[in-house]
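Asker: Here you go, one structure.
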Amino acid sequence: MNKNPKIALVGNPNCGKTSLFNALTGLRQKTGNFPGVTVDRKIGVTRLDKTTEVDVIDLPGTYSLYPKSLDEQVVLDILANPASKDYPEVVVMVADASNLKRNLLLFSQVSDLGFHTILALNMVDVAEAHGLTINADLLSERLGVPVVLINAKSEEGLENLKFAIKGELIEHSELPKPVLRLDTVSKEFIQEIKSQFKVANDYLAMLMAGQIEKLRFLTSENRTLLVDINRRHSFQQVDFQTKETVNRYKILGAIADESIRKKDDKPQETFTQKLDKILLHPIWGYASFFAILFLIFQSIFSLAEYPMDWIDSGMASLNEWLKSNLPEGLLTSLLTDGLVAGIGGVVVFIPQIAFLFTFISLLEESGYMARVMVLMDKLMRKVGLNGRSVVPLISSVACAVPAIMGSRTIQSWKDRLITIMVTPLMSCSARLPIFTIMIGLVIPERTILGIFNLQGLALMLLYLLGFVSALLSAWVMKNLMKVKERSFFIMEMPVFQLPRVDHVVMAVWNAVKAFVLEAGKVIVAISIILWVLASYGPGDSMEQAEQQVIKENPTLSQEELGNAIASAQLETSYAGRFGHFIEPAIRPLGYDWKIGIALLTSFAAREVFVGTMSTIYSLGGDDDTDTVKNKMRTEINPETGGPRFTPAVAFSLLIFYVFAMMCMSTLAATYRETKSWFYPAVQFTYMTAIAYIAAWITFQSLS
Amino acid sequence: MAARNLSQLKLGEKGVIAGFHDPNLALKLLEMGCLPGTEIRLTAIAPLGDPICLQVGDYTLSLRLDEASVVELQ
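Taken in sequence, the protein lines are chains V and H. Going by my numbering, the first sequence opens with residue 1, and the numbers climb by one from there. Going by my numbering, the second sequence opens with residue 1001, and the numbers climb by one from there.
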């Protein structure tokens, strides 16, 4: 552990805090979790001068120290707890200069907690465009803290900011005087909390009294004691907080009015307001939303195809090269049939994940995502969701895990829970290879109505099926849950702005890295286990199978004999035995024991399905360099003599994978976010039940 | 005449906040800068009529109609 001093960046959402964090730390940043919660904890290092380095922590955006969501709670948790390992020496309060009054509210709360605080005024250019001129010197004098003008996007003013941080760190200048006098509560009340809990700061004592449930570091004895003190002094939190907010605004409003000069000729209508007229228009609003969605899907499927093909053929030739250059044997088989086949299944996703996250971060960075929430809120509310649920639902087209974490911005617990429960029904990118292969097997590549690719259309229908079932499930859950919790929407609409390329690149890089590492670990492990299970059988059954085949087929050529032995051995291996064991359960859906093995392995992660198919069919003989799709196409159903993957089987599998909850990581994410095994269990059960029933109906009606 | 509330504003119309019906929702609105005496202007309405967008001070706030209805206007 280094002993660098800690600097915390605090500010409202959309104030440019993250831009400043990136500008200060560059690539010297790490993302992890705050202890006990899955809120992203971003920490980085910046150099103040030749000898001084500091750790910079980017705290989640919040409007006040009275948190409404889990993200915001982290800010209170750290700033109110001197024992926290993230407790900062200096707080840099980032404020949007074009909206100073509201930003100063949080500033005054933080500085009243007794922090060395620096006010970094960002977006001064936007303020000037609105006809506002800010007198930073006067502001600094009135607030009693250093005020630095910065432009986080163009990285102007960073040196001044670093100089100010150094000043606060080294000179131990006097702490700012409290902005608010706590005269709405009795001195004895504050004194009692301060002495009971050995707290030095008056405002901290008030936060403790008012937010007993939200401060995670309080023990249950602490809480009982606080409740008792509150009762004896008949302390009313809502009343105190209302007065506090009003009084702070009164003081800060006067300071802001004094230090901001407003030109009279205020611009009539801002660019953002003009754009909103179109983007929230009853017709053009939805038209542009669907046009954007359509563009995203089209480009994901058409553009990502090229790099995916390169990766696919690259992995195939790597496998071929390994096979021809390594001595034949167990290790080579493990490496090629097990590992490379499995890793290939992960790597091939990277282009699509990268494209998806590029679009999602473009939508977020530009400010458009907030408009989508407004567009969709009323529809979402009808089925028990929230306008804010749109972001998790859209991002779960890439992956449900970050999507479920993204639900933390939903303040109402009921809305958030339903969002988490239905998010995995959206078709994530792990389903894509299954969809692609199955569609390729049974749906001809034809163009209908001149422009629509039939296969592409089928794919879109599968995505729609996922979306519609997510809405329906949400509606059912809304009616099952008797909670009458009030759901909130209140949200700031950010100003439209051009996305910054480096932020988008950073977001995409982090997403791809997480996907490769997280999913990769699971897939590699499962590939190896599967290879072992498929290569070994109980006792000497593997040798017996070989002898049996040789005895029964004395006339076969060397190669055909090899294939026959391999198939017989696969069937008698542990994996084959398990496939046979579950076959009765999946036979009504049209699946045989080989598909059974793939269902089993993809239990942990769907993306394993195709890898398993290719491992099974590699081990089962045939030409190793053939593609999985061809291997599946030529697979014969011994009972009918026809192809194994008839349209009925393929559709049944497609439908099964639209609904089935086959992803350990998602279940783990649901567990982390709901802190209970009940919800992941319900999620798993209801999704698997729908999958089984829907696949059964599909198979029975098509065959 | 009964006092109007925020949800009754027409597009482009201005109003001045007088008070709130719901103390808990008031806390959230207060810290977002919706103080009694603040001038507020309806700038946009979502296609389905709800939520609405309001100009508060120097920024735009989005609210549902039922949230807006707790805000009384002068």
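Beta carbons: idealized from backbone N, C-alpha and C, even for Gly.
Who are the neighbours of H/Arg1041 on chain V, taking C-beta pairs under 9 angstroms?
Answerer: Here the premise fails: no neighbours, minimum Cβ distance about 10 angstroms.
Asker: What residue from V/Ile448, V/Phe656, V/Thr117, V/Met405 has the CA that sits closest to V/Arg431's CA?
Answerer: V/Phe656
Asker: Any idea what DSSP makes of V/Lys262, helix, strand or coil?
Answerer: strand
Asker: Might you give, ordered along the chain, the residues of its own chain that have their beta carbon closer than 6 angstroms to the beta carbon of V/Asp312, omitting 5 neighbours on each side?
Answerer: Val348
Asker: In chain V, what lies closer than 8 angstroms to H/Glu1067 by C-beta?
Answerer: Phe488, Phe489, Ile490
Asker: Does any C-beta atom of chain H lie closer than 7 angstroms to the C-beta of V/Leu59?
Answerer: no
Asker: Let's test the definition: count the other Cβ atoms within 10 Å of the Cβ of V/Ile170 and tell me whether it reaches 16, buried, or not, exposed.
Answerer: exposed
Asker: How big is the Cα-Cα spacing for V/Glu673 and V/Leu459?
Answerer: Across the structure, V/Glu673 and V/Leu459 are spaced so that their CA atoms are roughly 31 angstroms apart.
Asker: Look up H/Pro1023 in the DSSP assignment and give the residues it is bridged to.
Answerer: DSSP, once it has assigned bridges, lists no residue as partnering H/Pro1023.
Asker: Between V/Ala127 and V/Ala97, which are expected to be in contact by the criterion C-beta below 8 angstroms, what is the C-beta distance as a whole number of angstroms?
Answerer: 4 angstroms
Asker: Under 7 angstroms between C-beta atoms, does V/Asp622 make it to chain H?
Answerer: Low confidence applies here, because V/Asp622 scores a pLDDT of 49, under 50, leaving its location unreliable; read the following figure in that light. So no, V/Asp622 is outside the interface.
Asker: Give the residues of chain H in contact with V/Asn99, contact being defined as C-beta atoms less than 9 angstroms apart.
Answerer: Gly1033, Gly1057, Asp1058, Tyr1059
Asker: Measure from the alpha carbon of V/Ile705 to the alpha carbon of each residue in V/Leu334, V/Gly61, V/Arg388, V/Ser412, then state which is nearest.
Answerer: In the structure displayed, chain V extends from 1 to 703; residue 705 of chain V sits before or after that span and is not available.
Asker: So the candidates are V/Ser19, V/Val75, V/Asn12; which of them puts its Cα closest to the Cα of V/Arg41?
Answerer: V/Val75
Asker: Taking 7 angstroms as the threshold (beta carbon to beta carbon), is H/Leu1027 in contact with chain V?
Answerer: Taking Cβ atoms only, chain V reaches closer than 7 angstroms to H/Leu1027, which makes this a yes.
Asker: What is the residue span of the beta strand (DSSP E) that V/Asn122 lies within?
Answerer: 116-122
Asker: Is there a C-beta anywhere in chain H that falls below 7 angstroms from the one on V/Asp276?
Answerer: yes
Asker: Please name the residue or residues paired with V/Met493 in a DSSP beta bridge.
Answerer: H/Thr1060
Asker: Would you say V/Leu104 reaches chain H, if we count a Cβ-Cβ gap shorter than 7 angstroms as a contact?
Answerer: Chain H contact via Cβ: absent.
Asker: For V/Tyr203, would you say it is in contact with chain H, using Cβ-to-Cβ distances shorter than 7 angstroms as the test?
Answerer: False, the Cβ-Cβ gap to chain H never drops below 7 angstroms.
Asker: Residues of chain H with CB under 8 angstroms from V/Met208, in chain order?
Answerer: The premise fails here: V/Met208 is roughly 18 angstroms from chain H at the closest Cβ pair, so nothing lies under 8 angstroms.
Asker: Provide the residue(s) that pair with V/Gly44 in DSSP beta bridges, ordered along the chain.
Answerer: V/Gln29, V/Val56
Asker: Kindly list, in the order they appear in chain H, the residues whose Cβ is closer than 9 angstroms to that of V/Leu280.
Answerer: Here the neighbours are Ala1044, Ile1045, Ala1046, Pro1047, Cys1053.
Asker: Taking all protein chains shown into account, do 16 or more other C-beta atoms lie within 10 angstroms of the C-beta of V/His116, making it buried, or fewer, making it exposed?
Answerer: buried
Asker: Just the chain V side, please: which residues come within less than 9 angstroms of H/Arg1064 by C-beta, in chain order?
Answerer: Asp377, Lys378, Arg381, Gly387, Ser487, Phe488, Phe489, Ile490
Asker: Please work out which residues of its chain come closer than 6 angstroms, Cβ to Cβ, to H/Glu1072, disregarding the five sequence neighbours upstream and downstream, and give them in chain order.
Answerer: Ala1003, Asn1005, Ala1018, Gly1019
Asker: I need the DSSP call for V/Asn563, collapsed to helix, strand or coil.
Answerer: Here DSSP, grouped into helix, strand and coil, assigns V/Asn563 to helix.
Asker: Let's test the definition: count the other Cβ atoms within 10 Å of the Cβ of V/Thr224 and tell me whether it reaches 16, buried, or not, exposed.
Answerer: Exposed, since its Cβ has fewer than 16 Cβ neighbours within 10 Å.
Asker: Within the continuous alpha helix (DSSP H) that includes V/Val468, where are the two ends?
Answerer: That run of the alpha helix (DSSP H) goes 454-480.
Asker: Restricting to runs no shorter than 4 residues, where is the alpha helix (DSSP H) found entirely within the region 58-90 of chain V?
Answerer: 70-79
Asker: Return the first residue and the last residue of the alpha helix (DSSP H) that V/Ile753 is part of.
Answerer: There is no way to answer for residue 753 of chain V, as the model of chain V reaches only from 1 to 703.
Asker: Hey, is H/Leu1030's beta-carbon within less than 7 angstroms of any beta-carbon in chain V?
Answerer: True, the Cβ-Cβ gap to chain V drops below 7 angstroms.
Asker: What ranges does the alpha helix (DSSP H) occupy inside the region 648-678 of chain V, keeping only unbroken runs of at least 4 residues that lie completely in it?
Answerer: 664-674
Asker: With a CB to CB cut of under 7 angstroms and the five nearest residues on each side skipped, what residues in its chain are close to V/Asp622?
Answerer: Because the pLDDT at V/Asp622 is just 49, under 50, the model does not fix this residue reliably, and the point stays unresolved.
Asker: Which word fits V/Leu480, buried or exposed, when buried means at least 16 other C-beta atoms lie within 10 angstroms of its C-beta?
Answerer: exposed
Asker: Return the bridge partner residues of H/Gln1055 from the DSSP annotation.
Answerer: H/Arg1041, H/Thr1060
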